[in-house]
Every structure is written in C-alpha cells, then in structure tokens.
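Under this note's numbering, read the sequence shown as residues 8 to 317, first letter to last.
Written below as structure tokens is the structure these notes are about.
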Amino acid sequence: MALVTTKNMFKKAYEGKYSIGAFNINNMEIIQGVVNGAKAKNSAVILQCSAGAIKYAGPKYLKAMVDAAIEETGIDLALHLDHGPDFETVKLCVENGFTSVMFDGSHFDYEENVAKTQEVAKYAHDHGVVVEAELGVLAGIEDDVSAAEHIYTDPDQAEDFVNRTGIDSLAIAIGTSHGAFKFPPNFKPKLRFDILEKVQEKLPNFPIVLHGASAVDQEAVATCNKYGGNLAGAKGIPIDMLRKASSMAVCKINMDTDLRLAMTAAVRKTFGDKPEVFDPRKYLGAGRDEIQKVVEYKIDNVLGSANSLK
Ligand code: G3H
Ligand code: 13P
Ligand code: ZN
Numbered sequence: 008m009a010l011v012t013t014k015n016m017f018k019k020a021y022e023g024k025y026s027i028g029a030f031n032i033n034n035m036e037i038i039q040g041v042v043n044g045a046k047a048k049n050s051a052v053i054l055q056c057s058a059g060a061i062k063y064a065g066p067k068y069l070k071a072m073v074d075a076a077i078e079e080t081g082i083d084l085a086l087h088l089d090h091g092p093d094f095e096t097v098k099l100c101v102e103n104g105f106t107s108v109m110f111d112g113s114h115f116d117y118e119e120n121v122a123k124t125q126e127v128a129k130y131a132h133d134h135g136v137v138v139e140a141e142l143g144v145l146a147g148i149e150d151d152v153s154a155a156e157h158i159y160t161d162p163d164q165a166e167d168f169v170n171r172t173g174i175d176s177l178a179i180a181i182g183t184s185h186g187a188f189k190f191p192p193n194f195k196p197k198l199r200f201d202i203l204e205k206v207q208e209k210l211p212n213f214p215i216v217l218h219g220a221s222a223v224d225q226e227a228v229a230t231c232n233k234y235g236g237n238l239a240g241a242k243g244i245p246i247d248m249l250r251k252a253s254s255m256a257v258c259k260i261n262m263d264t265d266l267r268l269a270m271t272a273a274v275r276k277t278f279g280d281k282p283e284v285f286d287p288r289k290y291l292g293a294g295r296d297e298i299q300k301v302v303e304y305k306i307d308n309v310l311g312s313a314n315s316l317k
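Here it is in structure tokens:
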C-alpha cells in the first residue's frame, strides 16, 4: 500500500480494456467516499485535485488526508493535479508529494502548448512524477460555446505532440464536456469514436484520458431540484459510450460533477426530510455515503475496473 504513479495502473488498464476512475477531491468526506467505493470494489483509483481544490483545502491537507486514506484502507492510490494551469502549480504539487500532474495548455496555440508541456514534463520526470497534457477543446454550453463547436483533437497532431513532449498520457477532445450542463436541450450526445480509433492507431499502447465524463444522473438532479435546487436541463454523457471508450485506448476517465450532484442531493435531502438536523456529521456523512455508491456504480458500469488491485 503506497502512493503510486499511474504508470502501472494505465498499463494494466490498457491491456485489460478498462479505465481507471479519476475523481476530484476537495475535502475529507469526498476522499473517504471515493476511497471506500474503490476499496469495496477492489479497484484502482486516482484522486485528483484542481487548482481550485488546492486553493480551497491546501496541498498539505489534501496530501495528508490521502496518506491517511492509504493507511486506513490499505490500497494503492495515485494523487494527481487536475488541469494544472502553469509551471508554478505543477511545482507546488510535485514539492508536496503528488505522483502525477496534468499541465493543461490546450488553450494556448499549438507550439506554445508543446513548449510549455516539454518544460513541465522534464521537471516532473526528473522528480519521478508522471505527466498528462491536453490537445483539443472541450466545449460546453456553460462556456457559451455550443456543443457543435468542439475543437476535436487532430490525431496527427496528437502523435506529434506525444513524441515531442514525452508525456505519459494525453487528454483528447472527442465530444465530452465539463460541468452539469454539457449539451443544449435537444442535442444528442455523441462521442467521436473514429477520432479515438485514429489516435489509438497512431499511438499504440499509449494511455488516453477523457475529461468531462460525468453522466449527470437524472435521479440525483431530480432530488436536488425537489429539495430546493435549480438544476433544470442538466445533462451528461451516456454511460454506454463511456464504457465503450474505456474498452479502447482510454485508460483514465475524469468525473467530478457526478460526485458534486450526489453529495448535494444527499445534503439537501437530509435538510428537507430532517429539519431538526444541525450536526454536520449527519448531512456530510449522508453525502459521503452517496459518493461511495456513485463510485461503486461507476466502477461496475462505466470503468470496468473492479478487482484491478492485485
Ligand atoms: O474539470 C474541472 C473539475 O471539475 C474541477 O473543478 O476547478 O471547480 O475544482 P473546479
Ligand atoms: P465532469 O464535469 O464531467 O465531472 O468532468 C470532470 C473533469 O473533467 C475534471 O477534470
Ligand atoms: Zn477536466
């Protein structure tokens, strides 16, 4: 039991035609829900922190809680920086013991993304840390960009990018999108498996990452709305599409929104059904239990990673 990189996780996932779930963590209850779910399914898992999570909780609290989770559960975990915006944030995470970092230069022009990613990869590899980077743009209606305007990843560029930067995994844009409002009301979600196949052909055995992969469970949305929320029109990626991607070159699937929805639904329901409750352990504990259920469901139905721990 240790904090590990994703290297071996991805090798096994590629060969076994499944994916590792990468779940965003911000506090103790989320960490416990995710790790308890992984432990119950004997599944490898990645815990990832955005720059916002690091600002909210602090890298030292996050790392210490993840160390505690390893000791309590006895399972290996990877600790990853999600959407690292710059070299300084990467450095902060490496210095604080993260085992994996993402540098997200997808919004820069291509050559700038290559140059900045090369710099991050050199530094991280010198410190034994693995690197994810991104090519293409995940559009979302929350960004005022219609889903039709995704900038899909170009497979030739993906090959060039991986060869020039030396990264360990690549996030690509094939039609997923961040957040709870991924598509306009009448838009039918569609993933470009043709692009994924071409990337896989050009980069055999290379781990691909899918961001923006929450399914946005309609029951959780309905519970939020029933108990005072306003999430009308929330919509995600169909799970059969994600399962298909995980059987291909996709080795890491990122989910945050589904955890947020599960926790919010549980907290709202606790307040709605039991107005006398004011003990945070009651409502946060309910949120933690729902997160565990979501993680177990994902492992069985989206990732296919049950029993991936030796
Ligand atoms: O992809 C982004 C993740 O959902 C993290 O979101 O920046 O609000 O922590 P955040
Ligand atoms: P969702 O918003 O679909 O959960 O995606 C999360 C993500 O990609 C984190 O990097
Ligand atoms: Zn993301």
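Beta carbons: idealized from backbone N, C-alpha and C, even for Gly.
Under 8 Å between C-beta atoms of L291 and D224: Cβ distance not < 8 Å, so L291 and D224 don't count as in contact.
A220 CB to nearest heavy atom of the ligand 13P below 7 Å: It does: the Cβ of A220 is within 7 Å (strictly closer) of some heavy atom of the ligand 13P.
Meets three-Cβ-pair contact criterion under 8 Å: the segment 172-186 and the segment 120-136: Look at the beta carbons and you see the segment 172-186 touching the segment 120-136: at least three pairs across the two are nearer than 8 Å.
Residue range of the beta strand (DSSP E) that includes V136: Segment: none, V136 is in no beta strand (DSSP E) and carries neither H nor E.
Nearest residue (CA-CA) to D163, options T277, K205 and H185: Selected option, being the one with the closest Cα: K205.
Where N193 falls, given that 16 or more other Cβ within 10 Å makes a residue buried: Exposed: under 16 other Cβ atoms inside 10 Å.
L145, DSSP secondary structure in three states: Here L145 carries a coil assignment [DSSP, helix/strand/coil].
Euclidean distance between Cα positions of F17 and S26: Rounded to the nearest angstrom, the two C-alpha atoms are 8 Å apart.
Selected residue, minimal CA-CA separation from K305, among A222, S184 and Y68: Ranking the options by Cα distance to K305, first place goes to A222.
Reference T160, options K209, V41 and A131, closest by Cα: Of the listed residues, the one whose Cα sits closest to T160 is K209.
Residue closest to I202, alpha-carbon to alpha-carbon, out of L142, K289 and G186: For I202, the nearest C-alpha among the options comes from L142.
The segment 109-122 in contact with the segment 37-49 per 3-pair CB rule at 8 Å: Between the segment 109-122 and the segment 37-49, the count of Cβ pairs shorter than 8 Å is below three; the stretches do not touch.
Sequence-distant residues of its chain with Cβ nearer than 6 Å to A76 (five each side left out): Result list for A76: I38 and V42, in chain order.
Integer-rounded CB distance, given that M109 should sit under 8 Å from H134: At roughly 15 Å, the Cβ-Cβ gap does not stay under 8 Å, so H134 and M109 are not in contact.
As assigned by DSSP and simplified to three states, the class of N237: In this structure, N237 counts as coil in the three-state DSSP scheme.
Three-state secondary structure (DSSP) of D265: Residue state, collapsed to three classes: helix.
Cβ-heavy atom distance, A227 to the ligand G3H, below 7 Å: Incorrect: A227 has no Cβ contact closer than 7 Å to the ligand G3H.
N31 CB to nearest heavy atom of the ligand G3H below 7 Å: Annotation for N31 indicates a beta carbon within 7 Å of some heavy atom of the ligand G3H.
Buried versus exposed, by CB contacts within 10 Å (16 or more), P191: Counting Cβ neighbours within 10 Å, P191 comes out exposed, since fewer than 16 surround it.
Assumed close pair Y68, N212 - CB separation to whole angstroms, cut-off 8 Å: About 37 Å separates the two Cβ atoms, so there is no contact after all.
Contact under 8 Å by Cβ, I260 with G23: Cβ distance not < 8 Å, so I260 and G23 don't count as in contact.
Closer than 7 Å: A60 CB and nearest the ligand G3H heavy atom: A heavy atom of the ligand G3H is found nearer than 7 Å to the CB of A60.
Alpha-carbon to alpha-carbon, R295 and D286: If you take the alpha carbons of D286 and R295, they lie about 14 Å apart.
Short Cβ contact (8 Å threshold) for V101 with T13: No.
Residue of L217, V11 and P66 minimising C-alpha distance to M35: Sorting L217, V11 and P66 by C-alpha distance to the C-alpha of M35 places P66 at the top.
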